[in-house]
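Numbering (our numbering), first residue to last: -1 to 402. Just so it is clear, CB atoms sit at the ideal spot from N, CA and C, and this is done for glycine as well. The structure displayed is predicted, hence computed values, not measured ones.
Here you go:
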């Protein structure tokens, strides 16, 4: 019996050793997997922060892009102030060519450095590496950290749509403006309307029927209109669609259009009864009348003074008869009168903008007869696409995606 017990002593020791090995293996495995989880968690966190840093680069670039009509200025000379044109290494600056030297913004955040490269989409018809046509560019933001974490994001950037303050814009203090609304046959509508279409036939959001620059002028226009004619001024908000809007420098817009390096049809102050101010919606013109003008025309349903594009009148403007304009009308004088009778009065599809009068001057607005002034984003887009440099808008993100 004693012999058997002595033999079992070695067996017990072996069992104990085996159990210890198993326990140590389990403990080691637990520690190993724990460290792997910590590393994976750290990598995930690092990747998330890197993605956020890359997105911060896009947001930085968006804020640094100057307002404008298109993005062609990116490739002027050696680039914009915040976007010098650099080679692929990001260290050498040179003349922008859109291929070997591209506009590049650099920065850092939370230990990450980022670079944002601007490129034009040359797959679009008419686009070149340095010439923007469709008002869209691509930003590629790469964020890196010394530890090795990095992420890359691509964003498509466009321009905000230029929208006038109202279908009719009448800026100035209430003491410097006056208005008349004669009869009950006219219409001022901020509802988007296709060119030569029914009111409201467009798809864009409505704008104000009449916009002013100060609340006191809004009150005056509404009072002059009178409750019986509230329904004749429609658009954004309730009738009458009259309110104070963001100020627009009409005088500067006119100057920018005249100086936009395009062919401008310059006319002397005169009365015009038969004139083609632009052959079609696809071939608009900038018409600059240097003084007062009375545009009178048409009989029946056949207007003989039709225009497409931009009409800029340095003096006072009066329209009667069946005058038709598709686009933007700018008046830099002291009065504008839109009227007409018969089966249809003077009609503007687009917007009518009056220059803000000086403190010692005034602006008188008259809308009468059966005339219509109707907002048309379609007609305005024809103008902003033709002369984008004159219509300054901010950059906006259209879409973005993470690049693996």
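- Here the alpha carbons of residue 210 and residue 381 stand approximately 23 Å from one another.
- Residue range 110 to 118 is occupied by the beta strand (DSSP E) that includes residue 116, with no alpha helix (DSSP H) assigned at that position.
- In this structure, the alpha-carbon of residue 393 lies about 15 Å from that of residue 80.
- Residue pairing by DSSP puts residue 177 in a beta bridge opposite 363.
- With fewer than 16 other Cβ atoms inside 10 Å of its own Cβ, residue 61 counts as exposed.
- If you look at residue 166, you'll find it in the beta strand (DSSP E) that goes 164 to 168.
- The distance from the Cβ of residue 391 to that of residue 70 is about 14 Å, inconsistent with a contact at the 8 Å cut-off.
- Secondary structure at residue 256: helix, using DSSP grouped into helix, strand and coil.
- Look at the beta carbons and you see the region 187 to 205 not touching the region 128 to 146: under three pairs across the two are nearer than 8 Å.
- Under DSSP, residue 138 forms a beta bridge with 115, 152.
- Within the same chain, and ignoring the five residues on either side of residue 109 in sequence, the residues whose Cβ sits closer than 7 Å to its Cβ are 143.
- With a 10 Å radius around the Cβ and a threshold of 16 neighbouring Cβ atoms, residue 17 comes out exposed.
- Judged by beta-carbon spacing, residue 58 lies within the 9 Å limit of residue 112, meaning their Cβ atoms are closer than that value.
- Under the 8 Å Cβ criterion, the region 308 to 317 does not count as touching the region 143 to 154, having fewer than three qualifying pairs.
- Assignment of beta strand (DSSP E) within the region 40 to 116, counting only whole runs of 3 or more residues, yields 81 to 84, 100 to 107 in chain order.
- Per DSSP, the continuous beta strand (DSSP E) segment holding residue 400 begins and ends at 393 to 401.
- Closest in C-alpha terms to residue 140, from the list 235, 120, 169, 106, comes 106.
- Of all alpha-carbon atoms in 47, 225, 357, 171, the one lying nearest the alpha-carbon of residue 146 is that of 47.
- Within the DSSP bridge table, the entry for residue 208 names 166, 240 as partners.
- Beta-bridge partners of residue 385 (DSSP): none assigned.
- The C-beta separation of residue 328 from residue 378 comes to about 13 Å, leaving the pair out of contact by the 8 Å criterion.
- By the C-beta density criterion, residue 122 is exposed, having fewer than 16 other C-beta atoms within 10 angstroms.
- Residue 183 and residue 370 have their C-alpha atoms roughly 9 Å apart.
- Of the residues assessed, residue 352 falls on the buried side of the cut-off, its CB having 16 or more other CB atoms within 10 angstroms.
- In terms of Cβ geometry, residue 354 and residue 214 do not form a close pair [threshold 9 Å].
- In the same chain as residue 195, and ignoring 5 residues on each side of it, no C-beta atom comes closer than 6 Å to its own.
- DSSP places residue 248 within a helical segment (H, G or I) once states are collapsed to three.
- For a cut-off of 8 Å, the C-beta gap from residue 233 to residue 199 is around 14 Å, too long to register as a contact.
- With a 10 Å radius around the Cβ and a threshold of 16 neighbouring Cβ atoms, residue 85 comes out exposed.
- In summary, residue 164 is buried, with 16 or more beta-carbon neighbours lying within 10 Å of its beta-carbon over all protein chains present.
- DSSP places residue 197 outside both helix and strand once states are collapsed to three, so it counts as coil.
- DSSP places residue 329 in the strand class (E or B) of the three-state scheme.
- When the five nearest sequence neighbours on each side are left out, the beta carbons in the same chain lying within less than 7 Å of the beta carbon of residue 191 are those of 197, 198, 199, 200, 347, 372, 373, 374, in order along the chain.
- When DSSP reads this structure, residue 348 sits in a beta bridge with 325.
- In the DSSP annotation of this structure, the continuous segment of the beta strand (DSSP E) that includes residue 185 starts and ends at 185 to 187.
- Distance from the CA of residue 222 to the CA of residue 291, rounded to the nearest whole angstrom, comes to 26 Å.
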